[in-house]
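Following: one structure in structure tokens, then a few remarks.
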Amino acid sequence: MFITFEGIDFSGKTTQITAFTKQLRACGGEVVLVREPGGTTISEEIRSLLLDPAYDSMDAVTEFLLFSSSRSQLVRETILPTLQDGKHVIADRFFDSSTAYQGYGRGLNIDDILHVHHLATHGLSPDITFFIDITLEESYRRRAQLGREIDRMERADDAFFERVRTGYLHLLETNPQRFVRIDGMNDEQRISDLIWTEVSSRLVEGEDSKEGPHEK
Ligand code: TYD
1205 MFITFEGIDF SGKTTQITAF TKQLRACGGE VVLVREPGGT TISEEIRSLL LDPAYDSMDA
1265 VTEFLLFSSS RSQLVRETIL PTLQDGKHVI ADRFFDSSTA YQGYGRGLNI DDILHVHHLA
1325 THGLSPDITF FIDITLEESY RRRAQLGREI DRMERADDAF FERVRTGYLH LLETNPQRFV
1385 RIDGMNDEQR ISDLIWTEVS SRLVEGEDSK EGPHEK
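Our numbering numbers the first residue of the sequence shown as 1205 and each following residue consecutively.
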């Protein structure tokens, strides 16, 4: 299975991914964890370009193509071979981040973006995407609480992050089979339980369909 996690900054995705990976491994699943942008030597180089606050003049198309280049390398080098080996891949962000941040956030044309996704992902799409949803106010509250240096993407203004969240909500509406919204305001344990329940039911469904149709 190829499972991706999405959300605005400080949504708590990474904490959930760590917990979920542990659970899946405890059940005997072989799991490879990747994050975007990054995950290969070339993609990590691209990541430093993308997040460096020194490059505040970066053009939106340049930004989008760099995210896409990082993705293409990650899909070819890691994600596809891992899935072909029968293992699970869990990704901290994937192409939906580009649709939300560069499409809705920066205002690039969505159809153009979707065409490039097809190229950069080599046609691959996640089996399930968890959108951990928090409000903008909560994102800012958590950012202030953490008090760490912010990267170039996090420097964008409120209106940008509001558009990104709206973009995710739109993706949720238009991809109801793949997208699952999880309320990120729930406590950590409740969020992991919701994620686990959803994935385990899909894993069972997958096993059942391998065995052929069941009589009721
Ligand atoms: P990261 O430190 O990995 O943040 P997070 O923990 O929130 O995932 O930084 C990635 C940043 O890049 C984040 O602000 C989201 C943004 N991003 C895009 O704008 N487009 C993309 O395609 C991807 C993958 C990330």
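Glycine is no exception: its CB is placed at the ideal position from the N, C-alpha and C atoms.
Bear in mind the structure is a predicted one, so any value in this text is a computation, not a measurement.
Exposed is the label assigned to Gly-1232, since fewer than 16 other Cβ atoms lie within 10 Å of its Cβ. Residue side-chain check: Thr-1218 places its Cβ nearer than 8 Å to a non-hydrogen atom of the ligand TYD.
Note that the region 1241–1252 touches the region 1272–1281; at least 3 beta-carbon pairs, one per stretch, sit closer than 8 Å. Here DSSP, grouped into helix, strand and coil, assigns Asp-1331 to coil. Here Glu-1234 carries a coil assignment [DSSP, helix/strand/coil].
Taking each of Gln-1349, Arg-1352, Val-1265 in turn and checking the Cα distance to Arg-1310, the smallest one comes out for Val-1265.
DSSP, reduced to helix, strand and coil, places Ile-1314 within a helical segment of the structure shown.
Looking only at Asp-1331, Asp-1300, Asp-1355, Asp-1213, the smallest Cα-Cα distance to Arg-1251 is reached by Asp-1355.
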